[in-house]
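Comments concern the structure below.
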Amino acid sequence: MPVPSAAPPERQSPWLEIVAAVVLSIASLMTTWSTYQAAQWSRDQIAAGSAATVVLLESARLSSLGGQAILIDVVTFTNWVQAFSAGDQRAAEFYRERFRDEFRPAFEAWVASDPLENPEAASSPFALPEYAPARTQEAAALRDEAARLQLEAQTASNNVAYYNRNTLFLASALFFVALSRMFYKAQVRLAVQLIAIIFLIVGLLNVLRGPIL
């Protein structure tokens, strides 16, 4: 009695092969794009982070120099006040001549306000807007710039994570489209390919909505 031969595998649908090829092509292309964007944003993150560090160091240096200048102003002004209060005009003039150029406008404005008689006068020249040491102002501006660079670095870091996550969706699409070719039944292949298409659509939408560098 002849042994019955095994049933031949179900004929493959050409449409399923076309769908698999399209999904494979698009997913591969989008994976390359996401990887490229992640690398670009990673370089931007490193550059912004490094620049922020340099700016912060310069800000700290200027802030230290500005603090030293303020200390000099405070000491010379205090000595002037003591000499003036003691009626020692010679000593008062000595200290007055040693005021720094940045301090003089504030001091002159304070003296012009007649602080001994005017109750509304500022308590000292340091409370007036005329007193604005350049290095202190520069340090403050650099701190603002460093904060901007740090925000830029954080934004770039978020974008790196965004594109890295998207590669997972696209990799899943590639996995399922490859897995679908292991099945002979058209219904099973179609079901697996639909899963791949869903991941592909999510990845494609993320690419379309993602920031580009």
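Numbering (numbering that gives the first Met the number 0), first residue to last: 0 to 212. Built from N, CA and C at the ideal position, the CB exists for glycine as well.
| request: Could you give the DSSP three-state label for PRO124: helix, strand or coil? | output: helix
| message | List, from N- to C-terminal side, the alpha helix (DSSP H) runs of 4 residues or more that fit wholly inside the stretch 80-141. | response | 88-96 and 103-111
| Euclidean distance between Cα positions of TYR94 and PRO118 | 25 angstroms
| message | Can you tell me whether PRO210 is helix, strand or coil according to DSSP? | response | coil
| task | Go ahead and pull the three-state DSSP assignment for MET29. | result | helix
| What separation, rounded to the nearest whole angstrom, lies between the Cα atoms of SER63 and ARG103? | 21 angstroms
| task | Verify whether the separation of the beta carbon atoms of PHE198 and SER179 is less than 7 angstroms. | result | no
| task | Can you tell me which of ALA126, ALA47, TYR161 and ARG60 puts its alpha carbon nearest to the alpha carbon of GLN36? | result | TYR161
| request: Just mark GLY86 as buried or exposed, buried being the case when its beta carbon has 16 or more other beta carbons within 10 Å. | output: exposed
| task | Going by CA-CA distance only, name the one from VAL53, ALA185, LEU204 and ILE194 that's closest to PRO13. | result | ALA185
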